Structures are given as structure tokens and as C-alpha cells.
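Before any comments, here is the structure.
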Amino acid sequence: MLPHRLFPNARYSLWVDSKSQFRRDPLGVLEALLWRSNDELAISEHGARSSVYDEAKAVVRKNKATPEEVEVQMAQYRQDGLPEDKRFNGKKALAEASIIVRKHTPMTNLFMCLWFNEVVRFTSRDQLSFPYVLWQLKGLTNINMFQSALERIL
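With the sequence shown counted from 1, adding 23 to any position gets you the numbering used here.
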């Protein structure tokens, strides 16, 4: 989540979890996900759900986190005013996050730091905190929430 701290001179970073792999040159991935659309951050959207509150229920049902820790997180987000809406700024807000590609800008660096803080503060399920940070940080608008199916051609 914090490659800009590990590689302070890097202008871009690509993160791929163990479920995915690239089939093309990394520059082709940057071209396809960032440069063509002039985006700063590209992240795979969640394939099954679009609501963070529905995702929280699924996390508990699948025993990925305890009901207590998920409820503490969701209660805080509700108290802060995180909407029940399934989209923010017209975009699907729930990320699968199996692929994250980003340009290292002050705004994306801030976004990733805030997201990291939420993961440390609450559950390690980054899908639950992504929509909250996206909602809180109104300045990050150049986001490519690409469909998980696109991963197959990358």
C-alpha cells in the first residue's frame, strides 16, 4: 500500500496479488489503465458486490474477520456519515484490489496513506476501508475502477 515510501524515486507502481498475473509488459499495463484515460489510480472493482455494507456481511459470513471487529468498523463509518449508496461520484466504490496501478502524486500518496491507516485501525480487509477513504478524500477523482474481467487480458 505504501510503495511511494519504499521507492521514493519511482513515478509509478504496480501491485498484483497472488490471484492475478500480468500477461503483458508493465508499460502496456500503465498504458491501458492509466495513460489512455489520464487517470492517477487504477484498481480492480469488486466483481460480486458494490456496497461496503454488503461486503462487511460477506466478510463475516466467510470468517475473514470477526463480527465484532467488522461491526466496530461499520459503526464508525455509519457514524461518520458514509452513505449506504452503492456508488460514489458515479463510480463503483467497492474495490477487489487484486490489481492496483498508480502514478505517485501527492494525492495518490495521501490516499494510500489514509487507506493504510484504516487497514491498521480496523480489519485487514482492505475492501471495507477503500470506499470510506474514497468518500473522505474528495480530491482524488482520476480513478479507473476497471472490471475484474479486464485482468484476464492484462
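Note that beta-carbon positions come from the ideal geometry of N, C-alpha and C, so glycine has one too. In this text the structure is predicted, and so the values were computed from the model without any measurement.
Contact test: residue i Cβ vs the ligand COA heavy atom, cutoff 7 Å
| i | result |
| --- | --- |
| T146 | As presented, the structure is devoid of all ligands, the ligand COA included, so that no description of it is given. |
Boundaries (first-last residue) of the alpha helix (DSSP H) holding residue i
| i | result |
| --- | --- |
| M97 | P90 to D103 |
| A79 | V75 to R84 |
| N132 | P129 to R144 |
| D149 | D149 to Q159 |
| G51 | P49 to L53 |
| P31 | Here P31 belongs to no alpha helix (DSSP H), and DSSP marks it neither H nor E. |
C-beta contact flag for residue i and residue j at 8 Å
| i | j | result |
| --- | --- | --- |
| S67 | A120 | yes |
| M135 | L25 | yes |
| L151 | L133 | no |
| R101 | L64 | no |
| A98 | M168 | no |
| W158 | L105 | yes |
| S43 | H127 | no |
| S73 | R110 | yes |
| I166 | D40 | no |
For residue i, the residue or residues it bridges with in DSSP
| i | result |
| --- | --- |
| W38 | I123 |
| R110 | K115 |
Residue interval of the beta strand (DSSP E) (run including residue i)
| i | result |
| --- | --- |
| E68 | L64 to E68 |
| F169 | I166 to F169 |
Q: For the segment 31–44 and the segment 83–92, state whether three or more C-beta atom pairs, one from each stretch, are separated by less than 8 Å.
A: no
Q) Should the segment 68–81 be regarded as contacting the segment 92–105, the criterion being three or more beta carbon pairs within less than 8 Å? A) yes
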